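S.K.: If you number the sequence shown the way the numbering used here does, the last residue is 541 and the count never jumps.
Each residue gets a CB set at the ideal place from its N, CA and C atoms; glycine is no exception.
From a predicted model like this one, the values you see are computed outputs, not experimental measurements.
Got a structure here, written out as structure tokens. Questions coming.
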Amino acid sequence: MSKNNLSMSKNSLSRMIIAIKWISFFLATVLELALAISFFIFKEDRNKAILSLIVIYVLSIALIFALNNSIFVLVKKHVAIRRKGHMRMFQSVSILFDIVLEFFRSLNLVGGVVSADNNDYGEYSYLKDDIKQFIQIRQKHFEESSESSEKKFEIGQIFRMFDDLDKANEILQKVIPSVNEEIHIFNSKMKYVETIRGKATNNLANILYQFRTSSEILSSISTESMDYSVKMIKEIFEEFEKISEESEESAQDTEKIMRSFIDSTNDDSLLYILNETKTFISRFDDFNAIINDLKTISDTFMNKTLASLKEIQNIANSINEISEKIKIISINVRIEAARLDSKTSGFKTLGNEISEFAGLTSKIISRANTEVSDTLTHINSVKDDYVNKMNEVINYIPEFQKSLSPFESILNGSFNKIRLIISELYKTSSDINASIKKIIDKFQYQDITLQETQNIISYINRLSDEFVDISANLNIDLQITENEKREIDKKIYNTFNKIITTQKEREVIVEFAKKHNVFEDKNVEAAKELKEVDKNIIMF
């Protein structure tokens with residue numbers, strides 16, 4: 002809407018009103034002239050003059066009323082037509098300003114700009130007064146339009162409408178340049194946003210590709226390690242059960258020997274021994290051999306038990322090392338999760354759960370190490386006592402043989418001493434058996450840990466499958482170049498190559514390297530060294 006159109010409409014209405022005024026003035030002049038003529042003609046006849054004046058006055062009033070009514074109808078139609086046109090013009094301007102306001106609000110939302118007083122204009126608050134003034138004009142105009150009908154419509158309203166349109170036009174002329182400038186700035190920013198979006202898409206594709214590939218390796222290594230752990234834990238339990246059975250058999254043999262020495266219910270055995278001293282002396286060498294065999298069996302049992310406990314301690318240390326590696330993995334998972342958007346906060350939860358699992362494993366292994374160390378100390382102490390007691394028995398046998406002459410006087414004391422020694426042997430065997438069972442009970446915690454580890458590995462496997470599906474749905478392979486893929490594969494290969502410790506892990510890494518064409522021959526010697534080391538590791 003141009004200012005010239007408004008001026009032309011306003012001038013046209015003004016000329017029409019001036020013409021109406023001149024017509025009214027002309028009619029008033031004609032009326033005065035008619036009155037003067039009638040007064041001049043009938044100046045001698047006063048009654049006729051008055052009658053003519055009344056007739057002319059009535060006719061003039063009727064003519065003026067009819068003319069005024071006709072002119073008012075024409076003006077009203079003209080004004081109504083003009084009013085509808087200008088109302089459409091005013092509504093067009095109003096709609097245009099609504100569009101401008103929405104445009105400013107959109108710029109605020111896109112740019113993230115919020116003004117200090119939280120209004121809708123943001124950084125365009127310098128237009129605030131103009132826009133508010135226009136809103137007030139529009140509100141005032143619509144209120145006047147709604148209150149008046151066409152019958153009561155006044156010509157003055159059309160002039161006020163012209164004034165309002167003039168003000169609205171001035172405001173619009175002031176705002177339009179700012180709108181054009183902001184559109185230009187907005188287009189420039191959108192080009193920059195497109196550039197940033199491309200880089201962000203590429204970086205996200207790199208991260209997802211790295212996660213997908215790393216999760217495949219981690220899943221394979223975790224599965225291999227878990228299988229070996231389960232296998233070796235079962236072997237450890239089987240060995241402990243064998244040790245427990247042998248210990249129990251040894252305790253039963255000791256009990257039988259003890260009963261054979263202290264059983265006095267059969268034929269007064271003590272008295273029989275006293276009466277059959279010579280026979281006893283002849284069989285004393287057999288007793289000495291039995292004692293030596295018992296000492297040999299007990300020494301073998303003690304040494305095997307100590308070796309088994311040390312193997313358990315080594316296993317616990319190996320499991321502790323695994324828990325430390327899991328902690329490192331959990332830290333890497335949380336670091337990679339921090340690089341992602343908050344919507345993929347599942348990685349952060351997985352990192353926390355792995356960290357908690359590693360902490361729990363460390364605590365359990367620490368307690369197991371403490372129990373094993375205490376048991377080793379106790380068994381060594383019992384072993385020393387046992388050896389001392391056995392040596393006492395062995396050393397006492399010659400002395401006992403020498404003292405058989407006054408056998409009846411000293412046999413009671415010696416026999417009681419032997420009985421006490423055998424009781425100690427039985428007690429020692431029972432204590433060893435109880436300690437082994439206690440250690441087996443302690444290792445039930447390891448079953449719980451293995452179950453938790455299996456659950457985490459299952460989750461890692463599912464996560465790996467989900468990464469493959471996500472990569473396929475998002476077409477990640479199309480977002481990054483082959484060179485970028487190769488660099489990521491090489492980085493993953495070098496990272497895992499630094500932390501692997503066993504040949505099984507090496508085989509997984511080598512298979513990955515050959516599959517992705519990043520294998521390096523310089524790592525062959527390292528693989529041979531790991532293979533030799535694996536032979537000496539009980540768990541692998």
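Report the CB separation of Ile510 from Asn498 in whole angstroms; it is logged as a contact under 8 Å.
M.R.: Position 509 of the sequence shown, counted from the first residue, corresponds to residue 510. Position 497 of the sequence shown, counted from the first residue, corresponds to residue 498. Confirmed, Cβ separation roughly 6 Å.
S.K.: Once DSSP output is grouped into helix, strand and coil, what is the label at Asn518?
M.R.: On the sequence shown, position 517 is the one that residue 518 refers to. In the structure shown, Asn518 sits in coil (DSSP, three-state: anything other than H, G, I, E or B).
S.K.: Is the Cβ-Cβ distance between Asn207 and Ile481 less than 8 Å?
M.R.: Walking along the sequence shown from the start, residue 207 turns up at place 206. Walking along the sequence shown from the start, residue 481 turns up at place 480. Yes, Cβ-Cβ distance for Asn207 and Ile481 is below 8 Å.
S.K.: Excluding the 5 residues flanking Asn119 on each side, which residues of the same chain have their C-beta closer than 7 Å to its C-beta?
M.R.: As a first step, residue 119 is located in the sequence shown; it is residue number 118 there, counting from the start. Because Asn119 carries a pLDDT of 45, less than 50, the predicted location of this residue cannot be relied on, and no value is offered for it.
S.K.: On the criterion of 16 or more Cβ atoms from any shown chain inside 10 Å, does Arg507 qualify as buried, or is it exposed?
M.R.: Taking the sequence shown and counting its residues from 1, the one referred to as residue 507 is at position 506. Arg507 should be labelled buried.
S.K.: For Phe66, is the classification buried or exposed, using 16 other Cβ atoms within 10 angstroms of its Cβ as the cut-off for buried?
M.R.: Taking the first residue of the sequence shown as position 1, residue 66 is located at position 65. Exposed.
S.K.: What residue range is occupied by the uninterrupted alpha helix (DSSP H) comprising Thr496?
M.R.: For the purposes of this step, residue 496 is taken as the residue at position 495 of the sequence shown. Thr496 -> alpha helix (DSSP H) spans 483-500.
S.K.: Can you tell me which of the three DSSP states Thr503 falls into?
M.R.: The residue labelled residue 503 in the question sits at position 502 within the sequence shown. In the structure shown, Thr503 sits in coil (DSSP, three-state: anything other than H, G, I, E or B).
S.K.: Assuming Lys305 contacts Ile500 (C-beta within less than 8 Å), just tell me the rounded distance between them.
M.R.: For the purposes of this step, residue 305 is identified with residue 304 of the sequence shown, where counting begins at 1. For the purposes of this step, residue 500 is identified with residue 499 of the sequence shown, where counting begins at 1. With 8 Å as the limit, Lys305 and Ile500 do not qualify as a contact, their Cβ atoms being about 36 Å apart.
S.K.: Check whether the Cβ atoms of Lys491 and Val519 lie closer than 8 Å to each other.
M.R.: Position 490 of the sequence shown, counting from 1, holds the residue named residue 491. Position 518 of the sequence shown, counting from 1, holds the residue named residue 519. Cβ distance < 8 Å, so Lys491 and Val519 count as in contact.
S.K.: Could you round the C-beta distance between His517 and Ser436 to whole angstroms and report it? I think they count as a contact, below 8 Å.
M.R.: To locate residue 517, count along the sequence shown from 1; it is residue 516. To locate residue 436, count along the sequence shown from 1; it is residue 435. At roughly 52 Å, the Cβ-Cβ gap does not stay under 8 Å, so His517 and Ser436 are not in contact.
S.K.: Can you give me the C-alpha to C-alpha distance between Thr301 and Ile323, rounded to a whole angstrom?
M.R.: Walking along the sequence shown from the start, residue 301 turns up at place 300. Walking along the sequence shown from the start, residue 323 turns up at place 322. Distance between the alpha carbons of Thr301 and Ile323 is about 33 Å.
S.K.: To the nearest angstrom, how far is it from the Cα of Thr502 to the Cα of Val388?
M.R.: Taking the first residue of the sequence shown as position 1, residue 502 is located at position 501. Taking the first residue of the sequence shown as position 1, residue 388 is located at position 387. Going from the Cα of Thr502 to the Cα of Val388 covers about 42 Å.
S.K.: Here's the rule: buried if 16 or more other CB atoms are within 10 angstroms of the residue's CB, otherwise exposed. What is Arg368?
M.R.: Here residue 368 refers to the residue found at position 367 when the sequence shown is read from its first residue. Flag for Arg368 reads exposed.
S.K.: I believe Glu240 touches Ser309 by the beta-carbon criterion, under 8 Å. Please report the beta-carbon distance rounded to the nearest angstrom.
M.R.: Position 239 of the sequence shown, counted from the start, is the residue given in the question as residue 240. Position 308 of the sequence shown, counted from the start, is the residue given in the question as residue 309. Confirmed, Cβ separation roughly 6 Å.
S.K.: Within this structure, are the beta carbons of Ile313 and Ile237 separated by less than 8 Å?
M.R.: As a working mapping, residue 313 is identified with position 312 in the sequence shown. As a working mapping, residue 237 is identified with position 236 in the sequence shown. Yes, they are a contact pair.
S.K.: Return the residue from the list Ser215, Ile222, Asn318 that minimises the CA-CA distance to Asn333.
M.R.: For the purposes of this step, residue 333 is taken as residue 332 along the sequence shown, with counting starting at 1. Ranking Ser215, Ile222, Asn318 by Cα distance to Asn333 puts Ser215 first.
S.K.: For Asp470 and Glu250, I'd like the C-alpha separation in whole angstroms.
M.R.: Position 469 of the sequence shown, counting from 1, holds the residue named residue 470. Position 249 of the sequence shown, counting from 1, holds the residue named residue 250. Roughly 59 Å separates the two Cα atoms.
S.K.: Whole angstroms are fine: how far does the CA of Glu483 sit from the CA of Asn188?
M.R.: Looking up residue 188 in the sequence shown gives position 187. Looking up residue 483 in the sequence shown gives position 482. Cα-Cα distance, rounded: 33 Å.
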